[in-house]
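Worksheet: one structure, shown below.
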Ligand SMILES: Nc1nc2c(ncn2[C@@H]2O[C@H](COP(=O)(O)OP(=O)(O)OP(=O)(O)O)[C@@H](O)[C@H]2O)c(=O)[nH]1
Ligand SMILES: [Mg+2]
C-alpha cells in the first residue's frame, strides 16, 4: 500500500509532540494503523506510545557528558549521529512496513534553517520508499501581527525550500485564541492576500522598508506560500481537514480499495479533488 509519513517540525514549544499525539489518536479513530517516532534526543516525557525512540541510539545527555558539548551543540551532534547511523533507523522501521508514520522532531530551528540534517533524513526516507509530508507548525499566538507573521512565514518557507517535499503549514493552539477572543486577529493570515499584507506593512513601517516589504511579498507569492491551516485540537473537524490536506499532498489512500478508502475519511463528502494540486502549499 506504500509507505507514508509526516515529518512534524517547528520551533520549540510550537506544539509538535502534542500534535503527534492528537493526530495519532485521530488516525486510530479513522482506522489507520499509525506509529509515532520520537526523533528528539532530548525529549523526556511522552504523551504518546513511542514506537521508535532515537534515545535508544543516542541522547543529548550522553553527548554533553562525553564530548562536553552544550545543549544545542549536543542536539546537533546527536542528529548528525542519527543521519550517519541510518542503518539503526532502517532496522527499526522494518517492524512497521506499510504502517503510517508520524515523526516528532526536535524544536531547534537551526536544524531546519542552516544544517543539512533534516534534508539528509528526508532523502534517506525517500530512498526507503517513503512519501514524506513535512508538517511545519507555528504557534498561532506568535503571529498575531503582520511583522511576526512575516517572520513565521519566512521560517516555514526556508524549511519548505530546503526539504523539497510536499509541505503543509499549520497554526497551532487555535483553541487558546478562541478562548481569548483573538482568533479574528489571525483570520487574515489563513487566506492570505499578499498585496493587502504588503500595504499593511507599508503603513506600519518607515518608507525605507517599503521595497523590502514588496520583495518579501513577491517571495511569498512566488513560492505560493499563501496559506496556513488552523489547528484546533479540541475540534475533530479541524483534524479531519488537516489530515485530508496531508493525505492529498502525498497521495495517501489513492491505491486503497474503495471500501477502505471510505473508512479512512470520516465526513469525506466535502472532499475536494482540487486539493490534489501540489502547487498550492499550506
Ligand atoms: N491549549 C493548547 N495547548 C497546546 C497545544 N499544543 C501544545 N500545547 C501546549 O504547549 C506546550 C508545548 O507543547 P509541546 O507539544 O510540548 O511542544 P513541542 O513543539 O513538542 O515542544 P519542544 O519539543 O520542546 O520543541 C505544552 O504545554 C502543551 O500542552 C494546543 O493545541 N492547545
Ligand atoms: Mg516535543
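Residue numbers (UniProt numbering): 1 to 282. The beta-carbon is built from N, C-alpha and C at its ideal position, and this holds for glycine as well.
Given residue i as reference, the closest of the options once Cα atoms are compared
{"i": "residue 4", "options": "133, 95, 54 and 69", "result": "133"}
{"i": "residue 49", "options": "36, 42, 40 and 41", "result": "36"}
{"i": "residue 107", "options": "41, 166 and 187", "result": "41"}
{"i": "residue 227", "options": "116, 167 and 181", "result": "167"}
{"i": "residue 114", "options": "230, 155 and 131", "result": "155"}
{"i": "residue 86", "options": "121, 217, 105 and 95", "result": "121"}
{"i": "residue 188", "options": "157, 28 and 229", "result": "229"}
{"i": "residue 223", "options": "238, 116 and 153", "result": "153"}
{"i": "residue 241", "options": "2, 30, 215 and 13", "result": "30"}
{"i": "residue 149", "options": "213, 111, 104 and 116", "result": "213"}
{"i": "residue 112", "options": "162, 186 and 26", "result": "162"}
{"i": "residue 246", "options": "203, 43 and 165", "result": "165"}
{"i": "residue 158", "options": "186, 183 and 119", "result": "119"}
C-beta atoms of residue i and residue j nearer than 7 Å
{"i": "residue 23", "j": "residue 102", "result": "yes"}
{"i": "residue 198", "j": "residue 221", "result": "no"}
{"i": "residue 171", "j": "residue 140", "result": "yes"}
{"i": "residue 82", "j": "residue 54", "result": "yes"}
{"i": "residue 78", "j": "residue 90", "result": "no"}
{"i": "residue 135", "j": "residue 8", "result": "yes"}
{"i": "residue 219", "j": "residue 146", "result": "no"}
{"i": "residue 109", "j": "residue 11", "result": "yes"}
{"i": "residue 131", "j": "residue 233", "result": "no"}
{"i": "residue 14", "j": "residue 138", "result": "yes"}
{"i": "residue 38", "j": "residue 95", "result": "no"}
{"i": "residue 80", "j": "residue 117", "result": "yes"}
DSSP bridge partner residues for residue i (one or two, in chain order)
{"i": "residue 245", "result": "In the DSSP output, where bridge partners are listed per residue, residue 245 has none listed."}
{"i": "residue 3", "result": "130"}
{"i": "residue 139", "result": "172"}
{"i": "residue 230", "result": "171"}
{"i": "residue 52", "result": "37"}
{"i": "residue 102", "result": "6 and 36"}
Exposure label - residue i; buried when at least 16 CB within 10 Å
{"i": "residue 209", "result": "exposed"}
{"i": "residue 278", "result": "Caution is warranted here: a pLDDT of 38 is assigned to residue 278, below 50, making its placement in the model unreliable, and no coordinate value can be reported."}
{"i": "residue 45", "result": "exposed"}
{"i": "residue 211", "result": "exposed"}
{"i": "residue 283", "result": "Summary: the structure shown does not reach residue 283, with the chain confined to residues 1 through 282, and so no result is reported for it."}
{"i": "residue 259", "result": "Caution is warranted here: a pLDDT of 49 is assigned to residue 259, below 50, making its placement in the model unreliable, and the coordinate value is therefore given only provisionally. So residue 259 ends up on the exposed side."}
{"i": "residue 207", "result": "exposed"}
{"i": "residue 261", "result": "Model confidence at residue 261 stands at a pLDDT of 48, short of 50, so the residue's coordinates are unreliable and nothing is read from them."}
{"i": "residue 65", "result": "exposed"}
{"i": "residue 93", "result": "buried"}
{"i": "residue 215", "result": "exposed"}
{"i": "residue 231", "result": "buried"}
{"i": "residue 243", "result": "buried"}
{"i": "residue 67", "result": "exposed"}
{"i": "residue 6", "result": "buried"}
Within-7 Å CB hit, residue i to chain C
{"i": "residue 180", "result": "No chain C is present in this structure, which holds just one protein chain."}
Review point. Contact between the stretch 48-65 and the stretch 116-135: three or more CB pairs below 8 Å?
Key: no
Check your understanding: Is it a yes or a no for the stretch 90-101 touching the stretch 64-81, going by three-plus beta-carbon pairs under 8 Å?
Key -> no
Exercise for review: Mind the definition here: the stretch 8-25 touches the stretch 175-195 only if three or more C-beta pairs lie below 8 Å; say whether that holds.
Suggested key: no
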